[in-house]
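**Q** To start, I am sharing the structure in question, which I have written as structure tokens.
Residue numbers (UniProt numbering): 1 to 294.
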């Protein structure tokens, strides 16, 4: 028998991304990038949204109740107002962010430092000018930590925080890498291949790590969730009702629920699952996301 899948509302995202469980207020958040929208699902099942002034690609709750976001022109601190408006203060922007680029995937490390990467939005151009950055309030925005990326994605950290994962979901790459991660300095090193997704169905998109240290990634274009052990072995696949799942995240009061976003843009407009956001319980526990500490 397959896992029970619950659809969240009836909305269809153009490019749903970056689901995150905020343990500070007991709610799920995610974004629809081209729609410039942040969605929130509270513990009572109430769904509401806020529209930003520019594309928002990734979000991380902050300890002060605000949200840190990787957006079109930089990293912003956002406050979601009760009247539906969004307060936005830009914190940092990388030098040389060209027109046609934006931030993409991102999250906090186990210490509460924010990481996000940039990409060139026209994927057909195959311009490997994206880079991964670290941001903290005390140190500001780092220089590029990882460069020459096509479509930065799949950022995640092991339970002890000492391994960082990163993927490039562009069709010309489809790689997932692992790094040793210095938790004190906030620096990755010893980049190595973790999974070559060309050997598996789907391109590696957004990801999460569970309490066992296994890496879950959305198999974009294949309609799958794939779970890899810490040594890079595929040990589980879950079929999903949408062809283009985009990111998964563990949450809920018991951290035992996966929320999965998807891409509706370019899909059959009559497909009820294209662009849907869903929840399921895979039988394993996840890890709480560390709020941004700056």
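Glycine included, each C-beta is placed from N, C-alpha and C at the ideal position. Computed from a predicted model, the values in this text were never measured in an experiment.
Taking only the alpha-carbon atoms, compute the straight-line gap between residue 178 and residue 226 and give it to the nearest angstrom.
**A** Locating residue 178 in the chain shown gives position 178, where the first residue counts as 1. Locating residue 226 in the chain shown gives position 226, where the first residue counts as 1. Roughly 16 Å between the two C-alpha positions.
**Q** Can you tell me where the beta strand (DSSP E) holding residue 172 begins and where it ends?
**A** Within the chain shown, numbered from 1, the residue matching residue 172 stands at position 172. That residue, residue 172, is in no beta strand (DSSP E); it is neither H nor E in DSSP.
**Q** What residue range does the beta strand (DSSP E) around residue 284 cover?
**A** Looking up residue 284 in the chain shown gives position 284. That residue, residue 284, is in no beta strand (DSSP E); it is neither H nor E in DSSP.
**Q** Sorted by chain position, which residues of the same chain lie with C-beta nearer than 8 Å to residue 127's C-beta, five sequence neighbours on each side aside?
**A** Sequence index remark: in the chain shown, residue 127 carries index 127 (1-based). Only 120 and 150 meet the Cβ criterion.
**Q** Taking residue 253 as the reference, give the member of 265, 286 and 180 with the closest Cα.
**A** The residue given as residue 253 occupies position 253 in the chain shown. That would be 286, whose Cα lies nearest to the Cα of residue 253.
**Q** If you draw a straight line from the alpha carbon of residue 84 to that of residue 51, how long is it in whole angstroms?
**A** Counting from one through the chain shown, the residue named residue 84 turns up at place 84. Counting from one through the chain shown, the residue named residue 51 turns up at place 51. If I take the Cα positions, the gap works out to 8 Å.
**Q** Helix, strand or coil: which one does DSSP assign to residue 199?
**A** Your numbering for residue 199 matches position 199 in the chain shown. Helix, per DSSP.
**Q** What is the residue span of the beta strand (DSSP E) that residue 58 lies within?
**A** As a position in the chain shown, residue 58 is number 58, starting the count at 1. Its beta strand (DSSP E) spans residues 56-61.
**Q** Counting Cβ pairs, one atom from each stretch, are 3 or more of them under 8 Å apart for the region 237-257 and the region 186-198?
**A** Taking 8 Å as the limit for Cβ pairs, the verdict is that the region 186-198 does not touch the region 237-257.
**Q** Between residue 24 and the rest of its own chain, which residues show a CB-CB distance below 8 Å, the 5 nearest in sequence each way excluded?
**A** One-based indexing of the chain shown puts residue 24 at position 24. If we look at residue 24 and ignore the five residues flanking it on each side, its Cβ neighbours are 61, 63, 65 and 291.
**Q** Which first and last residues belong to the beta strand (DSSP E) in which residue 184 is found?
**A** Counted from its first residue, the chain shown places residue 184 at position 184. Taken as a continuous stretch (DSSP letters only), residue 184 belongs to no beta strand (DSSP E), as it is neither H nor E.
**Q** Would you say residue 91 and residue 75 are within 8 Å of each other, going by their C-beta atoms?
**A** On the chain shown, position 91 is the one that residue 91 refers to. On the chain shown, position 75 is the one that residue 75 refers to. Yes. Within cutoff.
**Q** If we ignore side chains and look at the alpha-carbon of each, how far apart do residue 12 and residue 29 end up?
**A** Locating residue 12 in the chain shown gives position 12, counting from the first residue. Locating residue 29 in the chain shown gives position 29, counting from the first residue. Computed Cα separation, rounded: 15 Å.
**Q** Quick one: Cα of residue 7 to Cα of residue 220, how far?
**A** Translated into positions along the chain shown, residue 7 becomes position 7. Translated into positions along the chain shown, residue 220 becomes position 220. So the alpha carbons of these two residues sit roughly 18 Å apart.
**Q** Looking at the structure shown, is residue 137 part of a helix, part of a strand, or coil, going by DSSP?
**A** If you number the chain shown from 1, residue 137 lands on position 137. If DSSP states are grouped into helix, strand and coil, residue 137 belongs with coil.
**Q** Locate the beta strand (DSSP E) running through residue 117, then write down its first and last residues.
**A** Counting from one through the chain shown, the residue named residue 117 turns up at place 117. Start and end: 114-120.
**Q** Straight-line CA distance for residue 283 to residue 250?
**A** As a working note, residue 283 is residue 283 in the chain shown. As a working note, residue 250 is residue 250 in the chain shown. For residue 283 and residue 250, the distance between alpha carbons rounds to 11 Å.
**Q** Would DSSP call residue 242 helix, strand or coil?
**A** In the chain shown, the residue the question calls residue 242 occupies position 242. In this structure, residue 242 counts as coil in the three-state DSSP scheme.
**Q** Quick check on residue 162 - is its C-beta less than 8 Å from some C-beta in chain B?
**A** Of the protein chains in this structure there is only one, and it is not chain B.
**Q** If we require 4 or more residues per run, which alpha helix (DSSP H) segments fall completely within the region 216-265?
**A** With a minimum length of 4 residues, no continuous alpha helix (DSSP H) run stays inside the region 216-265.
**Q** Go ahead and label residue 155 buried or exposed: buried means 16 or more other beta carbons lie within 10 angstroms of its beta carbon, across all protein chains shown.
**A** Your numbering for residue 155 matches position 155 in the chain shown. Label assigned to residue 155: buried.
**Q** My output table needs one value for residue 27: the three-state DSSP class, helix, strand or coil.
**A** Locating residue 27 in the chain shown gives position 27, counting from the first residue. Note: residue 27 maps to strand in three-state DSSP.
**Q** Determine the burial state of residue 272: buried for a count of at least 16 other Cβ atoms within 10 Å of its Cβ, exposed for fewer.
**A** Counted from its first residue, the chain shown places residue 272 at position 272. Its Cβ having fewer than 16 others within 10 Å, residue 272 is exposed.
**Q** Which residues in the same chain have their Cβ closer than 6 Å to the Cβ of residue 173, if we skip the five residues on either side of it in sequence?
**A** Numbered from its first residue, the chain shown carries residue 173 at position 173. Closer than 6 Å at Cβ, skipping near neighbours: 150.
**Q** Let me check understanding here. Comparing Cα to Cα, which of 49, 235, 97 and 81 lies closest to residue 70?
**A** Start at 1 with the first residue of the chain shown, and residue 70 comes out as number 70. The candidate whose alpha carbon is nearest that of residue 70 is 97.
**Q** Taking the alpha-carbon positions, what's the residue 4 to residue 102 distance?
**A** By one-based count along the chain shown, residue 4 stands at place 4. By one-based count along the chain shown, residue 102 stands at place 102. About 35 Å.
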